[in-house]
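Residue numbers (numbering that gives the first Met the number 0): 0 to 416. Following: one structure in structure tokens, then a few remarks.
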Amino acid sequence: MFTHFFVLSLIWFVMVCITHQPFMRPAPMVFVSFIIGWWTGELALHWIALWGGICVWYIAHGALSDMYGVWGVVFHIAACAGLWLHFRKGGKVRSQLERALWEGLSPHVPSLREEDVILPETIPWTSLAFPFWMAHRDVERLRNVPYHEVDGKTLKVEIFRHKERPQGAPILLQIHGGGWVVGHRKQQGLPIMNMMASQGWLCVSVSYRLAPAATFPDPILDLKHAVAWLREHAHEYGGDPNYIAVTGGSAGGHLSALLALTPNLPALQPGFEDADTSIQACVPLYGVYDLLDEQKHWPNIGLQMLLRWVVIKRSVEEARALYELTSPATHISQDAPPFFVLQGDTDSMVPSIHAKWFAQTLGEVSQSPCVQAQIAGAQHAFDFFLSRRTVRVNQATSRFLQLMYQAYLDGHVSEKR
């Protein structure tokens, strides 16, 4: 009678184990680990409540009188305990981020005080209880604003701004992820854009051409056009065209870093070489920074196959120059803008060592701040909806952006001391 309960409990237990220790190979299991760890880990309390209720129901109907029922209860309790430990791991994130901000910014911002990087002690309970309730009452949204025409397609942006419509607001450009193949400007980055817009920023979520219809470097060309459009039109929406920060996750992390590290590069803005496409700050999350993977960080061939057959459509041997041109790591220089590199330490899609290597390499060369944080227990795309980690990371991102903008206004960002 309770065989199905035992099987469900065992599956539940395995899912929690994968959340703690995801597969890094083979490529198909990497994606499975991502989906399981993402939804299970970031919605931990909701799953504990649901499965705990199911377990109580089975116990009330005699599960403890049957061998399969008893083992089902055991696996259920073990799974809930494991998921609770994973939730508790998120409690480390606040101190991790505060330490990262202080260590990364203090050598560059002479006026920085320790209290400037202290994050709020508490998280709004609504953020934990209602993870998909991401709108903010003080923010208005302008939908489907066109910014560029290419190949018969109209590319558009979504604009988030404070309802009081302040003028001269700093701009945050959000680039969605999705492996350069899927994703949409209306779906990603909503927590951070609503937070920053509520604090007076003009937030812009941008679309770009996707593979397989598009081929590199099409996406970055589109994003360069978006920056040029903002420089010309941001004032119409209350934005300050002189200060544009960029953020994005996964493919958006790659593109945001590439955008920030290639200001006014003629090869990536053909036909509008004179446009100012510089970026003043960058916050990439779980991005790919070296398409060549010369450091051999990837333990599987998933990324190589995606680039070879879908995104670039040529092998490294056939198009090495293009791989290099569209790799952020190629363009690391002392003139890079301030960076805040964020990465989950249990990301199965992008190895955490990759972000650590990129941030370290950039920090050794750049004269601007380079902050790097590995988020405890975070899987790929962890910030897609509200969770304990999402709120903490967004608080830290807000603190970083506000400090960098104020330092920009004051002229207080210095070279390393």
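Here a beta-carbon is modelled for each residue, glycine too, at the ideal position from N, C-alpha and C.
Cut-off 7 angstroms between Cβ atoms - residues of its own chain near residue i, not counting five sequence neighbours on either side
| i | result |
| --- | --- |
| N193 | M133, A134, H135, V138, F159 |
| I47 | C79, L82, W83 |
| L361 | I331, A335, F338, C369 |
| V315 | L291, Y322 |
| H85 | T18, H19, G40, A43, G376 |
| Q333 | V364, S365, Q366 |
| G51 | C79 |
| Y407 | Y242, Q279 |
| P218 | W179, Y207, R208, L254 |
| Y404 | P169, Y242 |
| P25 | N299 |
Where the beta strand (DSSP E) through residue i begins and ends
| i | result |
| --- | --- |
| V31 | Unbroken run through V31 is the alpha helix (DSSP H), 26-41; no beta strand (DSSP E). |
Opposing strand residues paired with residue i [DSSP bridges]
| i | result |
| --- | --- |
| H147 | L154 |
| L141 | I158 |
| G248 | L284 |
| S204 | E157, Q173 |
| C369 | F338 |
| I352 | Paired residues: none, contrary to the question. |
| I374 | G343 |
| G238 | A168 |
| I17 | None, per the DSSP bridge assignment. |
| Q58 | Residue identity check: residue 58 is Ile in the sequence provided, not Gln. None, per the DSSP bridge assignment. |
| I417 | Residue 417 lies beyond the stretch modelled for the chain, which goes from 0 to 416, so this question has no answer here. |
Contact with chain D by residue i, beta-carbon distance below 8 angstroms
| i | result |
| --- | --- |
| P298 | The structure shown has no chain D; it contains just one protein chain. |
Cβ shell of residue i (< 6 angstroms), same chain only, five flanking positions each side left out
| i | result |
| --- | --- |
| P381 | In the sequence as presented, Pro is not what sits at residue 381; that position holds Phe. Only E41, G343, R388 meet the Cβ criterion. |
| F384 | P130, F131 |
| L171 | M195, W200, C202, A244 |
| L104 | L111, P368 |
| D275 | R230 |
Range of the contiguous alpha helix (DSSP H) that encloses residue i
| i | result |
| --- | --- |
| N299 | Where N299 is concerned, there is no enclosing alpha helix (DSSP H), given that its DSSP letter is neither H nor E. |
| R121 | This sequence places Thr at residue 121; Arg is not what is there. Taken as a continuous stretch (DSSP letters only), T121 belongs to no alpha helix (DSSP H), as it is neither H nor E. |
| P190 | 189-197 |
| E471 | The requested residue 471 does not occur in the structure, where the chain is confined to residues 0 to 416. |
| I219 | 217-232 |
| Q95 | 92-104 |
| L84 | 66-88 |
| D409 | 387-409 |
Give a yes or no on contact between the region 111-124 and the region 181-190, applying the rule of three or more CB pairs nearer than 8 angstroms.
-> Fewer than three beta-carbon pairs drawn from the region 111-124 and the region 181-190 are found closer than 8 angstroms, and the two stretches are therefore not classed as touching.
Would you check if there are 3 or more beta carbon pairs closer than 8 angstroms linking the region 283-297 to the region 320-335?
-> yes
Segment contact, 8 angstroms Cβ cut-off, at least three pairs: the region 263-272 with the region 198-208 = The answer is no - the region 198-208 does not touch the region 263-272, with fewer than three Cβ pairs under 8 angstroms.
With contact counted as at least three CB pairs below 8 angstroms, one residue from each stretch, are the region 389-405 and the region 94-102 in contact?
-> Flag = yes, the region 389-405 and the region 94-102 touch.
Between the region 218-237 and the region 146-166, do three or more beta carbon pairs fall short of 8 angstroms?
-> yes
State whether the region 219-233 contacts the region 282-291, with contact taken as three or more CB pairs (one from each stretch) at a distance under 8 angstroms.
-> In this structure the region 219-233 does not lie against the region 282-291, because fewer than three pairs of beta carbons, one per stretch, are closer than 8 angstroms.
Is it a yes or a no for the region 295-311 touching the region 22-33, going by three-plus beta-carbon pairs under 8 angstroms?
-> yes
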